[in-house]
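Enquirer:
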Amino acid sequence: MNDMSPIKASQNSDRETGLLNLSRRRFLGVSAGALVLGVALPSGAGRALAQAAAPAIEAGTRVNAYIEIRPDSSVLFRSAFIEGGQGIFTAMAQIVGEELDVDPARFVVEAAPPGPDYLLIGGFRFTGGSMSVRMSYEKMRKLGASARLMVLQAAAARMNVPVSELTTEPGRVLHAASGRALSYGELAQQAAALAVPADAPLRAKSDFRWIGKPLARLDVRDKSTGKAQYAIDLRVDGMLHAAVQHARHLGAEPQAITNEAQVLAMPGVHSVHRLPGAVGVVADSWWRARRAAESLQVTWTAAAQGTKGAMPEDYSTERHRDGLKAMTGDGLEAEVSGDATKALAGAKTVIEATYDAPHLAHAQLEPPSALARWNEDGTLELWAPNQAPEMFQAAAAKVAGIDPSKVIIHSPLLGGFFGRHFLYASANPFPQAILLSKAVGKPIKLVWSREEEFLRDALRPMAVARFRAGLDEKGMPVALSAVAVGEGATGRWFGRQPDKVDSSAVEGIVEKLYAIPNRRVGHIHVDDPAVIGFWRSVGHSMNDFFYETFFDEMADAGKQDPYELRHRLLSESPRQQTLLEAVADLSGGWRRGPYQADDGTRRARGVAMASPFGSEVATIAEVSLRGEEAVVHQVWVAVDPGSIVNPAIVEAQINSAVAIGLSIALMEEVVYEEGVPRARNYDGYPILPPDRMPKVHVRIIESGAPMGGIGEPGVPGVPPAVVNALAVLTGKRVRSLPLSRASLTGSI
Amino acid sequence: MQLTINGQSHQVEIEPDTPLLWVLRDTLGLTGTKYGCGLAQCGACTVLIDGQATRACVTPIESVAGTEIVTIEAITGDAEGRRVVEAWVDHQVPQCGYCQSGQVMAATALLKQTPQPTEEDIAAAMINLCRCGTYNAIASAVRQAAKV
Ligand code: FES
Ligand code: FES
Chain V
728 MNDMSPIKAS
738 QNSDRETGLL
748 NLSRRRFLGV
758 SAGALVLGVA
768 LPSGAGRALA
778 QAAAPAIEAG
788 TRVNAYIEIR
798 PDSSVLFRSA
808 FIEGGQGIFT
818 AMAQIVGEEL
828 DVDPARFVVE
838 AAPPGPDYLL
848 IGGFRFTGGS
858 MSVRMSYEKM
868 RKLGASARLM
878 VLQAAAARMN
888 VPVSELTTEP
898 GRVLHAASGR
908 ALSYGELAQQ
918 AAALAVPADA
928 PLRAKSDFRW
938 IGKPLARLDV
948 RDKSTGKAQY
958 AIDLRVDGML
968 HAAVQHARHL
978 GAEPQAITNE
988 AQVLAMPGVH
998 SVHRLPGAVG
1008 VVADSWWRAR
1018 RAAESLQVTW
1028 TAAAQGTKGA
1038 MPEDYSTERH
1048 RDGLKAMTGD
1058 GLEAEVSGDA
1068 TKALAGAKTV
1078 IEATYDAPHL
1088 AHAQLEPPSA
1098 LARWNEDGTL
1108 ELWAPNQAPE
1118 MFQAAAAKVA
1128 GIDPSKVIIH
1138 SPLLGGFFGR
1148 HFLYASANPF
1158 PQAILLSKAV
1168 GKPIKLVWSR
1178 EEEFLRDALR
1188 PMAVARFRAG
1198 LDEKGMPVAL
1208 SAVAVGEGAT
1218 GRWFGRQPDK
1228 VDSSAVEGIV
1238 EKLYAIPNRR
1248 VGHIHVDDPA
1258 VIGFWRSVGH
1268 SMNDFFYETF
1278 FDEMADAGKQ
1288 DPYELRHRLL
1298 SESPRQQTLL
1308 EAVADLSGGW
1318 RRGPYQADDG
1328 TRRARGVAMA
1338 SPFGSEVATI
1348 AEVSLRGEEA
1358 VVHQVWVAVD
1368 PGSIVNPAIV
1378 EAQINSAVAI
1388 GLSIALMEEV
1398 VYEEGVPRAR
1408 NYDGYPILPP
1418 DRMPKVHVRI
1428 IESGAPMGGI
1438 GEPGVPGVPP
1448 AVVNALAVLT
1458 GKRVRSLPLS
1468 RASLTGSI
Chain Z
447 MQLTINGQSH
457 QVEIEPDTPL
467 LWVLRDTLGL
477 TGTKYGCGLA
487 QCGACTVLID
497 GQATRACVTP
507 IESVAGTEIV
517 TIEAITGDAE
527 GRRVVEAWVD
537 HQVPQCGYCQ
547 SGQVMAATAL
557 LKQTPQPTEE
567 DIAAAMINLC
577 RCGTYNAIAS
587 AVRQAAKV
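Chains as they are written, first to last, in my numbering: chain V, 728 to 1475; chain Z, 447 to 594.
1. Using the Cβ count rule (16 or more neighbours within 10 Å means buried), how would you classify glutamate 1079 of chain V?
2. Would you say lysine 950 of chain V lies against chain Z (beta-carbon separation less than 7 Å)?
3. Starting from asparagine 1245 of chain V, follow its DSSP beta bridges and name the residues at the other end.
4. Which residues have their C-beta within less than 6 Å of a heavy atom of ligand 1, listed in chain order?
5. Does the beta carbon of arginine 577 of chain Z fall short of 6 Å from some heavy atom of ligand 2?
6. Does alanine 759 of chain V come within less than 7 Å of chain Z when only Cβ atoms are used?
7. What is the residue span of the alpha helix (DSSP H) that serine 1230 of chain V lies within?
8. Could you say if the region 1233 to 1243 of chain V and the region 1332 to 1344 of chain V meet the contact criterion of at least three C-beta pairs nearer than 8 Å?
9. Compare the C-alpha of alanine 1127 of chain V against each of V:Glu1180, V:Gly1146, V:Ser1138, V:Asn1102 and name the closest.
10. Which chain V residues sit within Cβ distance under 9 Å of glutamine 457 of chain Z?
11. Counting only Cβ pairs nearer than 7 Å, list the residues of chain V close to threonine 522 of chain Z.
12. Near asparagine 739 of chain V, what residues of its chain come up, given a Cβ to Cβ distance below 8 Å and the 5 sequence neighbours on each side ignored?
13. Label glutamate 1178 of chain V either buried or exposed according to how many other C-beta atoms from any shown protein chain fall within 10 Å of its C-beta, with 16 as the threshold for buried.
14. Just to confirm before moving on: does the CB-CB distance between valine 829 of chain V and proline 924 of chain V stay below 7 Å?
15. If I follow the unbroken beta strand (DSSP E) through glycine 1007 of chain V, where does it start and stop?
16. By how many angstroms is the C-alpha of glycine 814 of chain V removed from the C-alpha of tyrosine 395 of chain Z?
17. Quick one: does the C-beta of leucine 1092 of chain V sit closer than 6 Å to a heavy atom of ligand 2?
18. Taking all protein chains shown into account, do 16 or more other C-beta atoms lie within 10 angstroms of the C-beta of glycine 548 of chain Z, making it buried, or fewer, making it exposed?
19. I'd like to confirm the pairing. Which residues does DSSP put opposite isoleucine 495 of chain Z in its beta bridges?
20. Examine ligand 2 and report whether any of its heavy atoms sits within less than 6 Å of the Cβ of tyrosine 1412 of chain V.
21. Would you check if the distance between the CB atom of glycine 906 of chain V and the CB atom of serine 800 of chain V is smaller than 7 Å?
22. Which whole runs of the beta strand (DSSP E) in the region 1329 to 1404 of chain V are 3 residues long or more, in chain order?
23. Any idea what DSSP makes of leucine 1150 of chain V, helix, strand or coil?
24. From what residue to what residue does the beta strand (DSSP E) around glutamate 1108 of chain V run?
25. Please determine, among V:Leu1296, V:Glu785, V:Ala1345, V:Glu1200, the residue with the shortest C-alpha to C-alpha distance to glycine 849 of chain V.
26. Does any residue of chain V have a CB that is nearer than 7 Å to the CB of glutamate 519 of chain Z?
27. Cβ closer than 8 Å: which chain V residues qualify as neighbours of alanine 553 of chain Z?
28. Residues of chain Z with CB closer than 9 Å to the CB of isoleucine 1387 of chain V, please, in chain order.
29. Methionine 1281 of chain V to glutamine 1114 of chain V, Cα distance in whole Å?
30. Per DSSP, valine 530 of chain Z forms a beta bridge with which residues?
31. Out of V:Glu826, V:Phe1144, V:Ala832, V:Leu846, state which residue places its alpha-carbon closest to the alpha-carbon of serine 806 of chain V.
32. Quick one: does serine 1463 of chain V have its CB under 7 Å from some CB of chain Z?
33. For aspartate 472 of chain Z and chain V, any beta-carbon pair shorter than 7 Å?
34. Note down the Cα distance separating valine 535 of chain Z from threonine 817 of chain V, rounded to an integer number of angstroms.
35. So which of V:Leu1098, V:Thr1217, V:Leu1297 has the shortest CA-CA distance to histidine 968 of chain V?
36. Would you say the region 587 to 594 of chain Z touches the region 525 to 539 of chain Z, given that touching needs at least three Cβ pairs under 8 Å?
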């Protein structure tokens, strides 16, 4: 269970080819059509999925797997995607309700169990990569339309009239000729028994009543009155509570517990258990379990030499950063166009700069937990926060030593995720809950304290990028060379091929649209000693900062306005150029500053572009200095996701992305010293507090391009926009985040 | 020990230094009040004690015997609380929602003490963390709730 090795590639899986190209999740250089997730799944998950997929069930087509029309004509909908604040349950209700002809407000949405019907992401299932709506939109529309046709067919049989004489209005079938009507609820049973029709007609876009409208979210009232239940809130009969004390250094194992007898005598304590890499205490309440777990005096054996994934006892982030910065060479080629070396040699001016970004914690507000119950029929029931039920099912089966079909996974609402709840060996509490529940023969709810969470979270990797740019005599960039250094989360968890660049390590530096004729992007892989994972906007969360901030350095070196230079270099990319103009317009016209605001502060603005997860984003930030502290007053974001389902949710997600983007620009970093993170709670790892939240202005542009993501794309543009504005105020370039580490003085 | 929670009296037999949060959540099953940090950092555990916003994770039960404790479960039984909840719904404040019990309680306490809060009052009272960044929506909702 404490297996810290990466999820193994099953190289011969027949899922490896022919699946969809997962855009930003793919490895660069993998031959067309190959799929990273195909090389990816743990063999257990692969088997579970293969079994599940056996008799040619086409995901997203079987109406009854998703839709249950209840007697009162409301709809119970099982979502393939997990709700964690991004609004996916509401979006699903809008999409399906539109075609089914049921008001989305009459939907109750819950997370679907594991199963072949829900593998909507190219034969797999996860909630992430800002993919949920864009990967399922057409299928979910068809599903709703098929369900409506089934209801119509049931009504036709009941009324003894042809389907062509029937129409629907929300929740009802009407027969205009006879004035008869039947509710969906009355027809539900009969409809559910029918075969799914192949050719249900879709509504014309011009007739949409709910898709594209700012509908109220389905979960808001429950979440405003404390009724929403998260994994941490669940309780089953006979359940005991558990807390753990982890080894300070990942890879160490418990050896002796010197005060076990005293701890066992503490009030409410049921038992003490040695677990892989941890010691657990079971008690009648969590507080008692936690107190006991913290009181345990445990000696730990150091990880055996060469233990994969073990945290070196002398690890320091500072030293790791220095190591990344010291790497020389051009690295594996990730992207090339023209001849950057030659163009640099012939350039009038050459500038260079090295950037870095720290490890980050997810810091979602709900600490991880898991509730495990062994049932009498030999099944294991598990409630656990997760973004990928089938993968958790397979992993849980392995821990429990039973067949995946015997693991019943529930996927509760997530109290924030941002990438936290993927399957990361050593970062998920459910294996411990399974073992504890088995040991005590009772259901166990295990909660990780905030401190244990900060000790075992899977971090956003640390990274460094070195840039060189060549400018011609007019100050126009003619060459750009970038070398990114570090490790990508995709490679860590889905198998890295040493001769291939992991796209998650370079996304945001590659595929930039600026017309710079000679470009080369390289990557140098360096193992990150920390457990790394996916963090909201993944590689973009740092790489767009690196690139877009260096872009302003190029502009300054060439004596060009950074907005104008972007605009010029995007003249062949009308979608992005329009977006840039839109964000300028939204902000009242581009002005870099510095200028004096009405309140007397001296302000400046910075701009940044990003192309994350199939969407396009342009961001402007307005900043001033208060003493040595950056104050961000306003952020304007123009976003083009192609087309959208709910503008209110998009706007909320952009607000959320600005908050987290600003938080990482200003204050977030995980610091390890001697193999241990310095911060174990929010006091040492501050996240953006309310008084530092800027005003956020959003403009959504639906260009009609293929649908892009929404949850993550707002993040990457914020740090560079802020740092670019700061450079105007201070005359100095900050090349390392967070800003709280930099000395900021208004020197110009 | 005798605790009055949401108008009901409860007899609780547990160590007197147990934080109120865990008595609410584990002993009484009132899980609307959330655990975020346990260290008075985030405010997810905010409840009202005699009308004051209080962080239950660092409030030993021995210190609240004889007080009126109100949790999110009773929010709509309170006039200010109802207004706050309606404003939260109107402004579609929650995202993941995990911090929102605490936010609603903090806003309710503010309006009880300061029915007409200034922007400064709002900023001073609404200090709970939200990782989803719903701060602007929270401020708008508080303004609306204060206007009635
Ligand atoms: S849980 Fe009490 S303040 Fe965070
Ligand atoms: S809504 Fe998610 S933490 Fe506030």
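Think of the CB as a built atom: it goes at the ideal place given N, C-alpha and C, for glycine as much as any other residue.
Expert: Walking through what the data contain:
1. Translated into the one-based positions of the first sequence, residue 1079 of chain V becomes position 352. Per the 10 Å Cβ criterion, exposed.
2. Translated into the one-based positions of the first sequence, residue 950 of chain V becomes position 223. True, the Cβ-Cβ gap to chain Z drops below 7 Å.
3. If you number the first sequence from 1, residue 1245 of chain V lands on position 518. Answer by DSSP bridge pairing, in chain order: V:Ala1206.
4. Taking each Cβ in turn, the ones that pass are Z:Tyr481, Z:Gly482, Z:Cys483, Z:Gly484, Z:Ala486, Z:Gln487, Z:Cys488, Z:Gly489, Z:Ala490, Z:Cys491, Z:Arg501, Z:Cys503.
5. Stepping through the second sequence from its first residue, residue 577 of chain Z is reached at position 131. Correct: arginine 577 of chain Z has its Cβ closer than 6 Å to ligand 2.
6. Here residue 759 of chain V is taken as the residue at index 32 of the first sequence, counted from 1. Low confidence applies to alanine 759 of chain V: its pLDDT is 28, below 50, so where it sits in the model is not reliable, and the reading given next is rough at best. No, no contact with chain Z.
7. Within the first sequence, numbered from 1, the residue matching residue 1230 of chain V stands at position 503. Looking at the DSSP string, the run of the alpha helix (DSSP H) that includes serine 1230 of chain V is 1230 to 1233.
8. Taking 8 Å as the limit for Cβ pairs, the verdict is that the region 1332 to 1344 of chain V does touch the region 1233 to 1243 of chain V.
9. Here residue 1127 of chain V refers to the residue found at position 400 when the first sequence is read from its first residue. Here the closest residue by C-alpha is V:Asn1102.
10. In the second sequence, the residue the question calls residue 457 of chain Z occupies position 11. Within 9 Å Cβ-Cβ: nothing; glutamine 457 of chain Z doesn't reach chain V, min ~16 Å.
11. One-based indexing of the second sequence puts residue 522 of chain Z at position 76. The contacting residues are Thr952.
12. What you label residue 739 of chain V is simply residue 12 of the first sequence in a count that begins at 1. Below a pLDDT of 50, predicted positions are generally treated as unreliable, and asparagine 739 of chain V, at 33, falls in that range; no measurement from the model is reported.
13. As a position in the first sequence, residue 1178 of chain V is number 451, starting the count at 1. So glutamate 1178 of chain V ends up on the buried side.
14. One-based indexing of the first sequence puts residue 829 of chain V at position 102. One-based indexing of the first sequence puts residue 924 of chain V at position 197. In this structure, valine 829 of chain V lies away from proline 924 of chain V, with their beta-carbon atoms at least 7 Å apart.
15. Along the first sequence, one-based indexing puts residue 1007 of chain V at 280. Per DSSP, glycine 1007 of chain V belongs to the beta strand (DSSP E) from 1005 to 1010.
16. Residue 395 of chain Z is absent from the model: chain Z starts at 447 and stops at 594.
17. Looking up residue 1092 of chain V in the first sequence gives position 365. True, at least one ligand heavy atom lies under 6 Å from that Cβ.
18. Within the second sequence, the letter at position 102 stands for residue 548 of chain Z. Buried is the call here.
19. Along the second sequence, one-based indexing puts residue 495 of chain Z at 49. Bridge partners of isoleucine 495 of chain Z: Z:Gln498, Z:Ile515.
20. Start at 1 with the first residue of the first sequence, and residue 1412 of chain V comes out as number 685. Checking every heavy atom of ligand 2 against the Cβ of tyrosine 1412 of chain V, none is found closer than 6 Å.
21. On the first sequence, position 179 is the one that residue 906 of chain V refers to. On the first sequence, position 73 is the one that residue 800 of chain V refers to. Result no, Cβ atoms of glycine 906 of chain V and serine 800 of chain V do not sit closer than 7 Å.
22. 1329 to 1337, 1343 to 1353, 1356 to 1367
23. Sequence index remark: in the first sequence, residue 1150 of chain V carries index 423 (1-based). Of the three classes helix, strand and coil, the one that applies to leucine 1150 of chain V here is coil, per DSSP.
24. As a first step, residue 1108 of chain V is located in the first sequence; it is residue number 381 there, counting from the start. 1107 to 1110 is the span of the beta strand (DSSP E), which, as asked, contains glutamate 1108 of chain V.
25. Counting from 1 along the first sequence, the entry for residue 849 of chain V is found at position 122. Ranking the options by Cα distance to glycine 849 of chain V, first place goes to V:Glu785.
26. Residue mapping note: residue 519 of chain Z aligns to position 73 of the second sequence, counting from 1. It does; some Cβ of chain V falls within 7 Å.
27. Locating residue 553 of chain Z in the second sequence gives position 107, counting from the first residue. Those do not exist, as alanine 553 of chain Z stays about 10 Å from chain V at its closest Cβ, beyond 8 Å.
28. Numbered from 1 along the first sequence, position 660 holds the residue referred to as residue 1387 of chain V. Simply Arg577, Cys578, Gly579.
29. Here residue 1281 of chain V refers to the residue found at position 554 when the first sequence is read from its first residue. Here residue 1114 of chain V refers to the residue found at position 387 when the first sequence is read from its first residue. Whole-angstrom Cα-Cα distance: 40 Å.
30. Residue numbering aside, residue 530 of chain Z sits at position 84 when the second sequence is read from its first letter. Note: valine 530 of chain Z sits in no beta bridge, so no partner.
31. Here residue 806 of chain V is taken as the residue at index 79 of the first sequence, counted from 1. For the residues V:Glu826, V:Phe1144, V:Ala832, V:Leu846, the minimum Cα distance to serine 806 of chain V belongs to V:Leu846.
32. Along the first sequence, read from residue 1 onward, the residue named residue 1463 of chain V stands at position 736. Output row for serine 1463 of chain V: interface = no.
33. Within the second sequence, the letter at position 26 stands for residue 472 of chain Z. Taking Cβ atoms only, chain V reaches closer than 7 Å to aspartate 472 of chain Z, which makes this a yes.
34. Walking along the second sequence from the start, residue 535 of chain Z turns up at place 89. Walking along the first sequence from the start, residue 817 of chain V turns up at place 90. If I take the Cα positions, the gap works out to 14 Å.
35. Along the first sequence, one-based indexing puts residue 968 of chain V at 241. Residue V:Leu1098 is the option with its Cα nearest to histidine 968 of chain V.
36. yes
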